[in-house]
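In the working numbering, the protein residues as written are 223 to 437. Reviewing the structure listed below.
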Ligand SMILES: C[S@@+](CC[C@H](N)C(=O)[O-])C[C@H]1O[C@@H](n2cnc3c(N)ncnc32)[C@H](O)[C@@H]1O
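In structure tokens:
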């Protein structure tokens, strides 16, 4: 079975959790992995959440150094089994099967996230984004994507409880982006086009120094 066929089969099986009909394109994968860069300063720890069939993972693995590590957290056991088989010979890669909310995360230099937040409720999204930003080391980055143009469309076409969910979700995502985003980019070469957001831990607020206070 090809990767595209497996992905589509899982989409029909678990539509909300899979969140896309096809794996990310190479262009989207490159944008998502823009900050997975080798470090001369020492080994790097990378986390990918929601790797699916591994379309983004292979770009991450290409840029890993010999001592770097990659944790893959995938909720769908069929995708997780495929990833475990693909990277069975690579000691740098560890596959954790289950929801990211249920994992004990380490601390990471780079987090790449493929989760379909548009299908989640606001509380789950807030919890996950909070944990991912919280797992970043100083100077670390989190990159994730959403399909371009979807938020306004969802607002127009949702009704009742669905509209409430969309409003709450947009508010949560808006707050996280306002606090942590340092760059966003549009990737047209994906079906559908996507918007990639790059985040970093916010600098701690500096307490004002009282005038005349001794040092
Ligand atoms: C949109 S697909 C992205 C797949 C891949 N990263 C890509 O870009 O082609 C979302 C993936 O997230 C996984 N997923 C959904 N909810 C999850 C959760 N709470 N924890 C871990 N993985 C989750 C799904 O099983 C699916 O493989």
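In this text, a Cβ means the ideal position worked out from N, Cα and C, and glycines have one as well. No experiment lies behind these values; they were computed from the predicted model shown.
Taking C-beta separations shorter than 6 Å and ignoring five residues to either side along the sequence, the partners of residue 302 in its chain run 296, 317 and 319, following chain order. In the structure shown, residue 294 adopts extended strand secondary structure according to DSSP, grouped into three states. The alpha-carbon separation between residue 402 and residue 364 amounts to approximately 9 Å.
When C-beta atoms of the stretch 396 to 410 are compared with those of the stretch 284 to 295, fewer than three pairs fall below 8 Å, so the two segments do not count as touching. In the assembly as shown, residue 361 is an exposed residue. Its beta-carbon has fewer than 16 other beta-carbons within 10 Å.
The beta-bridge partner set that DSSP reports for residue 365 consists of 334 and 420. Membership of residue 407 in the beta strand (DSSP E) is indicated by the continuous run 403 to 409. For residue 346, the three-state secondary structure derived from DSSP is helix. Here residue 322 has 271, 295 and 350 as same chain residues with Cβ atoms under 7 Å from its own Cβ, once five neighbours each way along the sequence are excluded. DSSP places residue 235 inside the alpha helix (DSSP H), whose first and last residues are 225 to 235.
If you draw a 10 Å sphere on the C-beta of residue 329, you find fewer than 16 other C-beta atoms in it, and that means exposed. In this model, residue 313 and residue 376 are separated by some 42 Å (Cα to Cα). By the neighbour-count criterion, in which 16 or more other beta carbons inside 10 Å mark a residue as buried, residue 266 falls on the buried side. The beta carbon of residue 309 is closer than 6 Å to those of 315 in its chain, skipping five residues each way along the sequence. In this structure residue 382 is exposed. Its beta-carbon is surrounded by fewer than 16 other beta-carbon atoms within 10 angstroms. With a cutoff of 8 Å on beta-carbon distance, residue 334 and residue 278 are scored as near each other. Taken in chain order, the unbroken stretches of beta strand (DSSP E) that lie wholly in the stretch 260 to 284 and span 3 residues or more are 267 to 271.
Relative to ligand 1, the nearest heavy atom lies less than 7 Å away from the CB of residue 322. Burial check for residue 299: the Cβ neighbour count within 10 Å stays below 16, so the residue is exposed. At least one heavy atom of ligand 1 is found less than 7 Å from the C-beta of residue 240.
Only residues of its own chain outside the window of five on either side were considered, and among them 323 have a CB closer than 8 Å to the CB of residue 346, listed in chain order. Approximately 6 Å separates the beta-carbon atoms of residue 367 and residue 417; this is inside 8 Å, confirming the contact.
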